[in-house]
Amino acid sequence: MIRNLLYISLLGGLCLMGRSAIAAPESHDPIKITLNDWTGELITAHIMGDILKKAGYNIDYVPADYLAQFSGMENGDLTVAPEVWATTAQEALQAAVKTGKVEDLGSSGMQAREEWWFPEYMKEKCPGLPNWEALKKCGEVFSTPETDPKGRYLGGPSTWGGHDEERIEALDLPFEVVHAGTDAALFAELKSAYERKAPIILWIYTPHWVPIKYKGEFVEFPRYEPGCYEDPSWGINKDAKYDCGKPYGPIWKAVWSGMKDKWPGAYAIIKNYKFDNKTMGELDARVDLNGEKVEDVAQDWVNKHEDVWKAWLSK
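Numbered continuously in our numbering, the sequence shown closes out at residue 1196.
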C-alpha cells in the first residue's frame, strides 16, 4: 500500500505546473542504465536517464558490452538496456527473458535495419548491385592491401555480433570481415572513402544519419526468416546457417525483472517511452557531424519536449 501511495504521489507531483522533479521515489538506490558503443544508444540512455532524474530517481550510467549486458541484468547488477535491436540481439534477449530475470518492455517505437551498405557510385564498379550475387564477382573491387585479393567488408565493432563471418562462408563470398574498433571509426572511414569515391562496403544501420547524408543502398541478400539462423537445410546452402540477410525489426527496451517492484514509477516511464527513426537520426547527426556532446543533445531534447515526455508519465 505504501509503495502504491508513493507511485500515485509521483505521478501527481509531475503533473503540477512548474514542477520538474518529485522528492519521493520508491527507492533511492540508483537505476543502472547501460551504455553501449554507438551514438544512438548513448542518446537514448541519457534521454531516459534525464527524464527519470526529473522524476526524482537516482541514475547511474554503466558502460556494458552489448550482448554480455544481459548477464548483468539477470543478476540485478544492471537495470535497463534502452536499445535491444531485433536485428542483432533478438536471440540474446529471448534467452534472457526465458530465465525470468529479464523483462522485454516492448518496442521503443524505432525500427531497426542493419546490413551491408555501399555508396551509389559503387554500382559502376560492381554491376548487378544491390543484388548480393554481384558480390561474388566483385571481391577484388573492394579489396585492400590487408585483404587482397578478397574484398574487405568493414564490420562494426566485434561486440555487435551480426554473423557476418558466417554469412560470408555460407554464401561463398570472396570477402573478409575487418571490424572497426568503434562506431566513430566506422563512419570516419565511410566519410573518407565517400569524399574520394573510393571503394567501400560496410555495416550501416538505421535509425542513423548516414542514409540521409550519403547516397547509397543496402545489399539485398536472401530475405531473413528464423529458419535461416536455426536450420542449415533452410535456404541456398543446405549445409550452413546464416545464408541470408540480417533480420529487420523493432528496437526493444529490456529491464531487470525486479524493477517493476522496486521502482514501479520508473518502470512505467520506460514502458511508455517512444521515439522515432527520423528524430533519432537527427540527434545522431548533432553528435557525430556537429561535434556536440551526447549529454548536451539529450538534455536539450528533454528541455524542449516536456509535452512529449510528460505524457509518458501520466499513462
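Beta carbons: idealized from backbone N, C-alpha and C, even for Gly.
Any idea what DSSP makes of residue i, helix, strand or coil?
i, result
"GLY1108", "helix"
"ALA993", "strand"
"PRO1000", "strand"
"PHE1102", "coil"
"GLU1070", "helix"
"ASN1153", "helix"
"PRO1088", "coil"
"ALA868", "Past the edges of the chain, shown from 882 to 1196, lies residue 868, and the structure says nothing about it."
"LYS1185", "helix"
"THR925", "helix"
"GLY1020", "helix"
"TRP1190", "helix"
"ASN1171", "coil"
"LYS1159", "helix"
"ILE903", "Low confidence applies here, because ILE903 scores a pLDDT of 45, under 50, leaving its location unreliable; read the following figure in that light. Residue state, collapsed to three classes: coil."
How many Å lie between residue i and residue j at the Cα?
i, j, result
"ALA976", "GLU955", "11 Å"
"ALA1135", "GLY1037", "22 Å"
"GLY957", "TRP1090", "34 Å"
"ALA1192", "GLY1042", "35 Å"
"HIS927", "ASN1158", "17 Å"
"ALA1065", "ILE1151", "28 Å"
"THR1199", "VAL961", "Nothing about residue 1199 can be read from this structure; the chain reaches only from 882 to 1196."
"GLY1032", "LYS1017", "10 Å"
"ALA945", "ALA1166", "23 Å"
"LYS1185", "VAL1178", "11 Å"
"THR1025", "SER1039", "20 Å"
"TRP919", "LYS1006", "30 Å"
"VAL965", "LYS979", "16 Å"
"TYR1086", "THR968", "10 Å"
"ILE924", "GLY1172", "14 Å"
"ALA1079", "SER908", "55 Å"
"GLU1047", "LEU1010", "21 Å"
"LYS913", "ASP1120", "43 Å"
"TRP997", "TRP1084", "5 Å"
"TYR1207", "GLY937", "This structure cannot speak to residue 1207, because the chain is shown only from 882 to 1196."
"ALA1015", "MET1161", "32 Å"
"GLU1101", "ALA1074", "22 Å"
"MET929", "ARG994", "22 Å"
Decide if residue i is buried, meaning its Cβ has at least 16 other Cβ atoms within 10 Å, or exposed.
i, result
"TRP1111", "Residue identity check: residue 1111 is Glu in the sequence provided, not Trp. Result: exposed."
"ASP1188", "exposed"
"LEU1170", "exposed"
"ALA1051", "buried"
"VAL1108", "Position check: residue 1108 holds Gly in this sequence, whereas Val was assumed. Looking at its Cβ environment, which holds fewer than 16 other Cβ atoms inside 10 Å, GLY1108 is exposed."
"PRO1000", "buried"
"THR1063", "exposed"
"PRO1030", "exposed"
"LYS932", "At residue 932 the sequence reads Ile, which differs from the Lys that was named. By the 10 Å Cβ count, ILE932 comes out buried."
"PRO1008", "exposed"
"PRO1128", "buried"
"ASN1012", "exposed"
"MET882", "The predicted position of MET882 is uncertain, since its pLDDT is 45 and thus under 50; a value taken from the coordinates is nonetheless stated next. Classification for MET882: exposed."
"GLU1076", "exposed"
"PRO911", "exposed"
"GLY981", "exposed"
"ARG1104", "exposed"
"ILE1082", "buried"
"ASP1045", "buried"
Looking at the C-beta of residue i, does it have a partner C-beta in chain B at a distance below 7 Å?
i, result
"PRO1113", "The structure shown contains no chain B; it holds only a single protein chain."
Identify every residue that forms a DSSP beta bridge with residue i.
i, result
"LEU1010", "None, per the DSSP bridge assignment."
"LEU1083", "TRP998 and LEU1035"
"GLU984", "VAL1136"
"GLY1097", "PRO1000"
- Please specify which runs of the alpha helix (DSSP H), each continuous and at least 4 residues long, are wholly inside the region 1038 to 1069, giving them in chain order. 1045 to 1051
- Any beta strand (DSSP E) of 3 or more consecutive residues that is wholly inside the region 1115 to 1151: 1130 to 1137
- Query: Which full runs of the alpha helix (DSSP H) of 4+ residues lie inside the region 909 to 977, going along the chain?
  - Reply: 920 to 935 and 950 to 955
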